[in-house]
Amino acid sequence: MLEIRPAETADHNEIIQLWHQGWHDAHADLVPSEVLAFRTKDYFTLWLKDAQEAFFVATDDTGVLGFISVKGAEVVKLYVGNRARGTGAAHVLLSKQGAQETGQSAG
483 MLEIRPAETA
493 DHNEIIQLWH
503 QGWHDAHADL
513 VPSEVLAFRT
523 KDYFTLWLKD
533 AQEAFFVATD
543 DTGVLGFISV
553 KGAEVVKLYV
563 GNRARGTGAA
573 HVLLSKQGAQ
583 ETGQSAG
């Protein structure tokens, strides 16, 4: 069963893996190879360490499936791993975040 919860330090490696893979999947054909080479897991690790936004993860019994980061009412990042694409995980992450912002319940 899918669970949405605030990210914990123990989730950082899985967040970095999803972020790195998702960023490269989305940008491989759009940016110069020099930029791609610069976006290493170490880059994302440093960025996560200094991030000012709040992170929430979608998990199941296999681990982290995706994450959303928000700053105030703004979605900063939303990534879902390959195995969770098409499952509705991104929709649930966005729904839970929207409900949290408005003080409603997103069952």
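Everything in the sequence shown is counted per the numbering used here, starting at 483 for the first residue and increasing by one. Cβ atoms here follow ideal geometry from the backbone N, Cα and C, with glycine treated the same way.
Legend entry - Bridge-paired residues (DSSP) for residue 574: Residue mapping note: residue 574 aligns to position 92 of the sequence shown, counting from 1. For residue 574, DSSP records no beta bridge to any residue.
Legend entry - Secondary structure of residue 552, DSSP reduced to three states: On the sequence shown, residue 552 is found 70 positions in, with the first residue counted as 1. Correct three-state label for residue 552: strand.
Inset, instruction - Using the Cα positions of residue 575 and residue 554, report the straight-line distance between them to the nearest angstrom. - result: Residue numbering aside, residue 575 sits at position 93 when the sequence shown is read from its first letter. Residue numbering aside, residue 554 sits at position 72 when the sequence shown is read from its first letter. Taking the straight line joining both Cα atoms gives about 15 angstroms.
Inset, instruction - Would you kindly check if the distance between the Cβ of residue 558 and the Cβ of residue 551 is under 8 angstroms? - result: Residue 551 sits at position 69 when you count from the first residue of the sequence shown. Residue 558 sits at position 76 when you count from the first residue of the sequence shown. Between residue 551 and residue 558, the C-beta gap is smaller than 8 angstroms, which places the two residues in contact.
Inset, instruction - Verify whether the separation of the beta carbon atoms of residue 539 and residue 493 is less than 8 angstroms. - result: Within the sequence shown, the letter at position 57 stands for residue 539. Within the sequence shown, the letter at position 11 stands for residue 493. The answer is yes: Cβ separation under 8 angstroms.
Legend entry - Spatially closest choice to residue 542 from 533, 505, 571 and 510, by CA coordinates: Position 60 of the sequence shown, counting from 1, holds the residue named residue 542. Selected option, being the one with the closest Cα: 571.
Legend entry - Per-residue burial, residue 520 [other beta carbons within 10 Å of its own, 16 or more giving buried]: Within the sequence shown, the letter at position 38 stands for residue 520. The Cβ neighbour count for residue 520, taken over all protein chains shown within 10 Å, is under 16; the residue is labelled exposed.
Inset, instruction - Would you mind sorting residue 510 into buried or exposed? The rule is 16 or more other CB atoms within 10 Å of its CB. - result: By 1-based counting over the sequence shown, the position of residue 510 is 28. Exposed.
Legend entry - Reduced DSSP secondary structure (H/G/I, E/B, other) of residue 425: For the chain, the structure presents residues 483 to 589; residue 425 sits outside this window and is missing.
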